[in-house]
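Residue numbers (numbering that gives the first Met the number 0), protein chains in the order written: chain A, 0 to 355; chain B, 0 to 265.
From the three backbone atoms N, C-alpha and C, an ideal C-beta is built for every residue, glycine too.
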Amino acid sequence: MPSPLPVWRNKAVIVKRIPSKIGGTGAAITALVLLIVALIAGAAIGETAIPFDVVAKTIANRLFNAGFPLEPLDEGIVWSYRLSRAVVAACCGASLALAGAVLQSLLRNPLADPYILGISAGASTGAVAVALLGLGAGLLTMPMGALAGALAAFVLVSLLAMRAGSGSNAIILAGVAGSQMFNAITSFIVTKSATAEQARGIMFWLLGNLSGVRWPDVGLALPVTIVGLLVCLWHVRALDAFAFGNQAAASLGIRVRRVQIILICTAAAMTAAMVSLVGSIGFVGLVIPHAARLIVGVRHGRLLPVTALVGAVFMIIADILSRTIIAGQVLPIGVITALFGAPAFAFILGQKRARP
Amino acid sequence: MKLSAQNLCWSAGSLDIVRDVSFDVAPGEFLGIIGPNGSGKSTLLSMLAGIRKPLSGQVLMGGQPIRSIGSREVARKLAFVEQQAETAERITARQAVELGRTPYLGPLSGWSVEDDAIVDGALENVDMVDKAERHWHHLSGGERQRLHIGRALAQQPQVLLLDEPTNHLDIGHQIDLLDLVRRQDLTVVAALHDLNHAAMFCDRIAIMDHGRLSAIGAPEQVLTSDMISSVFGVDAIVAPDEDGVCHVRFRPNGRKRVISRKDDLT
């Protein structure tokens, strides 16, 4: 018969909730400061360098009517061009990185990322179909088209992966196939329906481009990022529970199907919104979550906020580089992220191989 | 807490995996499930855990249908340790055990001192305190399995389900692990491979064959050479050992039944 019970087991659990970690507030303030510094740097650095204090005064003027006397040209560059651009870059980096982190955890695959899984390509196709073919007869906006394309791509890639077998690389290969197919469809639509002028613009946009971004775009990027972050944060415990797979998560009381659907739709929505604004930017979703894991470990309660922050700061820096690395030219930001991301992809692949 | 299976059925396509299985497990009882590969043990366990919905029949936990209880509520009363669950995440031993608190934590409720104490207790119980900060990938199979049990204990369950918990462990660790489970004051249902371990640790044994429950009862009633030869197709001699526990000895060249069967149907 069973031996005496361990004392701790039958103790009634008095569930004491500790308010929030004391360290949490400090970390949040540091994060906010970091983000603001990055945003100001994004607005200050460029072909015409603008001093930090002018940027700060511009923001004060515009937000609080501070009335600092400033050169209207400087103020215009900072407010109308660079700051909106930096904010969208931050949102984009945060959203894509979060989408990557969530996909990596749910699919239990360190190589998962919206770009590699073809979700970005699908979103591009959706956006282009709405913009050029007038799909949805004016009812669908470009972001909605992108969302439809993103979800279609994910469903297709998942089905393909299921048919290809259960190995962890199946979904990556399926993603490659899906990306190629959706990129081909996009090219087909562009070639068939766009004027030469449109085609050039779209091709540049497809590589990831923040040039045309203005304040109205912030109106889409910021809410999507904030809501996306909140939805992901709501599910941090569930994401932790996926560490040992779906069945283990289910036995911990997680409603696996529901969580998967909510989070994958959230990741797709964040990706789609960003693609419809700035085109498909690769590798942010892949690299940033891994960098964040190195900083704070694998627990999603910390990992997700840090992923969002690092993604935002990284993207602002990538945007600065894209504007300054070649004098007088703007490099598509997707090129910068790929230059960082592709070697990181190779590195992670090597690590994965080394660990059975 | 009492656990009952009532007429459980499950099939994959046209293949019946579990056919009309019913039994009760009394509170505090250790029930072992034995049977050849593909006899439906894992599928049966996942239905008992409430993870897999039976095609027909139902599971009752404390007299209530398990599917009418919320999944978080189930996870507070029943813990399930699957076969060899692995992770690619760089988590520590302690973090793996902390996952057991998941059913008690909401999105807005933080980790409490109480949770810490429970995790400490579970780590101590499975004797992994000194390795709590080690990374999962640096632990042996036996240590990982102990942590899975620790995670299950951190759920503070009343029922513990184990699917072949001793697979791939050396003999010392197999005995240690079953002994550890036995020491908990829990209702346990465990799929086991080794008939002698089943005889040693279980109050009752259920034998699964082709998805059917072909016998259930005390080890000395169920483990007979006839039963072993008809279910496993091997010749065996069963005799009580010096402690009165029945002991199964296999004889070579006695394999009678040659039926090709797909190995891992579950």
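By the neighbour-count criterion, in which 16 or more other beta carbons inside 10 Å mark a residue as buried, A:A128 falls on the buried side. Counting only residues of its own chain and dropping the five nearest sequence neighbours on each side, A:T47 has no CB closer than 6 Å to any other CB. The beta-carbon separation of B:V80 and B:A151, rounded to 5 Å, stays under the 8 Å limit for a contact. Annotated three-state conformation of B:I16 is strand, per DSSP. With fewer than 16 other Cβ atoms inside 10 Å of its own Cβ, B:R66 counts as exposed.
Taking a Cβ-Cβ cut-off of 9 Å, the neighbours of B:P106 in chain A comprise L232, W233, H234, V235, R236, A237, given in sequence order. Contact annotation for A:V297 against chain B: E88, R89, I90 [CB-CB distance below 7 Å, chain order]. DSSP places B:I32 within a strand segment (E or B) once states are collapsed to three.
Under the 8 Å Cβ criterion, the segment 77-87 of chain A counts as touching the segment 40-55 of chain A, having at least three qualifying pairs.
With a cutoff of 8 Å on beta-carbon distance, B:M0 and B:Q155 are scored as not near each other. Here B:F79 carries a strand assignment [DSSP, helix/strand/coil]. Under the DSSP assignment, B:H136 falls outside any beta strand (DSSP E); it carries neither an H nor an E label. The beta-bridge partner set that DSSP reports for A:H299 is empty. Near chain B, meaning a CB-to-CB distance below 8 Å, the residues of the segment 242-268 of chain A are A242, F243, G244, Q246, A247, A249, S250, L251, G252, I253, R254.
Residues of chain B with a Cβ closer than 9 Å to the Cβ of A:A151 do not exist, since the nearest Cβ in that chain sits about 28 Å away.
In summary, the residues of the segment 84-118 of chain A whose CB is separated from some CB of chain B by less than 9 Å are S104, R107, N108, P109, in the order they occur in the chain.
Excluding sequence positions up to five before and after A:P222, its CB lies less than 7 Å from no other CB in the same chain.
Taking 8 Å as the CB threshold, B:F79 lines the interface with chain A. With a 10 Å radius around the Cβ and a threshold of 16 neighbouring Cβ atoms, B:D178 comes out exposed.
Runs of the alpha helix (DSSP H) lying entirely within the segment 163-211 of chain B, each at least 4 residues long, are 170-182, 194-200 in chain order. Taking a Cβ-Cβ cut-off of 8 Å, the neighbours of B:P102 in chain A comprise L251, G252, given in sequence order. Using beta-carbon distances, A:A326 does not count as an interface residue toward chain B, since no partner is under 8 Å. Annotated as distal: B:L54 and B:S3, with beta-carbon spacing of 8 Å or more. Under the criterion of beta carbons closer than 8 Å, A:L205 and A:L276 do not qualify as touching, at roughly 13 Å. The Cβ of B:V58 sits no closer than 8 Å to any Cβ of chain A. Comparing alpha carbon positions, the residue from A:M314, A:L172, A:A122, A:P304 closest to A:L232 is A:P304.
For A:M314 and A:V53, the gap between their C-alpha atoms comes out near 23 Å. Put simply, the CB of B:A84 is near chain A, with a gap under 8 Å to one of its CB atoms. Shown here for A:H289: same chain residues with a beta carbon closer than 8 Å to its own, the five before and five after excluded, namely P109, A343, I347 in chain order. Rounded to whole angstroms, the separation of the alpha carbons of B:M199 and B:A217 is 11 Å. Taking CB atoms only, B:I206 has no neighbour in chain A less than 8 Å away. When CB distances to chain A are screened at a threshold of 7 Å, the residues of the segment 119-153 of chain B falling below it are G120, N124, H136, in chain order. Counting only residues of its own chain and dropping the five nearest sequence neighbours on each side, A:G121 has a CB closer than 6 Å to the CB of G148, A149, A151, A152, F181.
A:A268 and B:E97 have their C-alpha atoms some 31 Å from each other. Under the criterion of beta carbons closer than 8 Å, A:L262 and A:H234 qualify as touching, at roughly 6 Å. A:M269: member of the alpha helix (DSSP H) spanning 255-277, first to last residue.
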